[in-house]
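These notes concern the structure reproduced below.
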Amino acid sequence: MRETSVTPSQLIYPLFVVPGQGVRREIETLPGCFHLSADEAAREARDAEQLGLAGVILFGLPEGKDEQGSQGLSEGGVVPTAVRAIRAACRDLLVVTDVCLCEYTSHGHCGVLRGDEVLNDPTLELLARMAVAHARAGAHVVAPSDMMDGRVGAIRRALDADGHGEVALLSYAAKYASAFYGPFRAAADSAPQVGDRRGYQMDPANAREALREVRLDVDEGADIVMVKPALPYLDVVRAVREVVDVPVAAYNVSGEYAMVKAAAERGWIDEERIVKELLLSIRRAGANVIITYHAKDFARWA
Ligand code: PBG
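The numbering of the sequence shown is my numbering, which starts it at 174 and goes up by one.
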């Protein structure tokens, strides 16, 4: 009579890839997660595949940053290099890449800056080039997380023009300006140097706006739409599930993970039961797929 279930095949595991070889450094703000060079990322991905996870999503920490985030556009960059290594090592694992400039720009914003303003339209071309570089390396799915207007359409057109009609687009469609990204920004070294992301990410008070953002992305060609963060926005996950007919993803973000880990380390909570209950709640709200740092632990317990 159980209405809802969580299986490893519904989970996507985030990986943080760095330059070099043989690098495997634990991330202070995300205990149990690592900065990985491409060879180590491939090992981690093989583990994920053996555990029956749906896939991995890659975030890159480049060698150097500049105003335009140019290292993010290069086919020899950290993410394309890791994609090639993972594709060579795994057969069934879905390889998703995060498409955003904030990890590659010196100012840490998700778009091109003029003065202290983030420019929407000039950013689209750069995002499209990044997505094409990931697709050429073998990414199955590209996931724009920047929240610029019109990026789904721009990326779809660029992928198709470059012969990647089969590459799917997972859009971070309803992404809130959230304090729950704190541990990620430390892990990805992507905190904005000045200002914040409230100009392009959504106001936590708004649920109707999420539906508008989601519909726009579906119209522009998104194959999967995501709500992020997950736990404080389960009502939004449910509402989105009810208005679209594409798969819905939810991102169980770094702050949600870090809180569980910190309390578990102190022996204040039963980590396994808590994680199972949290993931179940996200599925019950209507998410078809969950991105979560707990994925490997969950698969071992399941
Ligand atoms: C990049 C990006 C962020 C996250 C995923 N992609 C950070 C942000 O928007 O500041 C957050 C993921 C997490 O907290 O786990 N734009």
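All C-beta atoms in this analysis are idealised placements derived from N, C-alpha and C, irrespective of residue type, glycine included. All of these numbers come straight from a predicted model, not from anything done at the bench.
Tell me which same chain residues have a C-beta within less than 6 Å of the C-beta of residue i, skipping the five on either side of it?
i: Ala468; result: Leu184, Tyr186, Leu226
i: Arg176; result: It should be noted that the sequence gives Glu, not Arg, for residue 176. For Glu176, where only same-chain residues beyond five positions count, there are no Cβ hits under 6 Å.
i: Pro365; result: Gly281, His282
i: Asp322; result: Asn293
i: Leu451; result: none
Using a Cβ cut-off of 9 Å (strictly closer), state whether residue i contacts chain B.
i: Ser351; result: Considering every chain present, this structure includes no chain B. It has just one protein chain.
Buried or exposed, going by whether 16 or more other CB atoms sit within 10 Å of the CB of residue i?
i: Glu201; result: exposed
i: Ala331; result: buried
i: Glu213; result: buried
i: Val398; result: buried
i: Gly250; result: buried
i: Asp271; result: buried
i: Met174; result: exposed
i: Gln374; result: buried
i: Arg385; result: exposed
i: Gly228; result: buried
i: Ser182; result: exposed
i: Arg287; result: exposed
i: Ser279; result: exposed
Compare the C-alpha of residue i against each of the options and name the closest.
i: Val462; options: Arg370, Leu343, Glu450, Glu438; result: Leu343
i: Asp470; options: Leu453, Lys449, Ser454, Glu213; result: Lys449
i: Arg198; options: Glu217, Pro181, Glu222; result: Glu217
i: Ile328; options: Val229, Ala395, Leu286; result: Ala395
i: Gln223; options: Glu248, Met321, Asn293, Arg264; result: Arg264
i: Ala312; options: Ser178, Ile455, Ala261; result: Ala261
i: Ala352; options: Met432, Leu297, Arg414; result: Met432
i: Pro235; options: Cys273, Leu453, Val387; result: Cys273
i: Ser427; options: Val179, Arg309, Pro405, Val391; result: Pro405
i: Ala412; options: Leu452, Gly459, Ala346; result: Gly459
i: Arg456; options: Glu444, Lys434, Ala437, Val410; result: Val410
i: Val256; options: Ser279, Pro204, Arg219; result: Arg219
i: Arg302; options: Gly242, Ala360, Val400, Ala215; result: Gly242
i: Leu203; options: Ala359, Phe232, Ser210; result: Ala359
What does the alpha-carbon distance come out to for the pair residue i and residue j?
i: Ala380; j: Leu389; result: 15 Å
i: Val367; j: Gly326; result: 29 Å
i: Val190; j: Trp441; result: 32 Å
i: Ala306; j: Tyr424; result: 24 Å
i: Asp335; j: Ile259; result: 22 Å
i: Tyr354; j: Tyr430; result: 10 Å
i: Asp319; j: His282; result: 9 Å
i: His337; j: Asp418; result: 23 Å
i: Pro295; j: Arg473; result: 44 Å
i: Arg446; j: Thr465; result: 16 Å
i: Asp362; j: Thr254; result: 20 Å
i: Glu240; j: Leu297; result: 15 Å
i: Ser247; j: Leu300; result: 12 Å
i: Ala308; j: Val315; result: 8 Å
i: Leu266; j: Ser178; result: 21 Å
i: Val268; j: Pro377; result: 30 Å
i: Ile230; j: Leu453; result: 21 Å
i: Val391; j: Arg439; result: 43 Å
i: Glu382; j: Ala346; result: 11 Å
i: Glu415; j: Ala304; result: 29 Å
i: Gly205; j: Ala475; result: 18 Å
i: Ala310; j: Ala435; result: 37 Å
i: Pro402; j: Pro356; result: 13 Å
i: Arg324; j: Pro317; result: 8 Å
Less than 7 Å between C-beta atoms, sequence neighbours within five positions excluded: which residues of the same chain meet that for residue i?
i: Gly237; result: Gln244
i: Asp408; result: Ala380
i: His208; result: Phe189, Val191, Val196, Arg198, Ile200, Leu234
i: Ala437; result: Glu444
i: Val252; result: Val190, Leu231, Gly233, Thr270, His307
Going by DSSP, what residues sit across from residue i in a beta bridge?
i: Arg198; result: His208
i: Val190; result: Leu209, Gly233
i: Ser344; result: Val398
i: Gly228; result: Ile185, Leu267
i: Leu292; result: Val285
i: Pro317; result: Val272
i: Ala423; result: Val400, Ile463
What does a CB cutoff of less than 8 Å around residue i pick up in its chain, not counting 5 residues either side in sequence?
i: Arg371; result: Ala350
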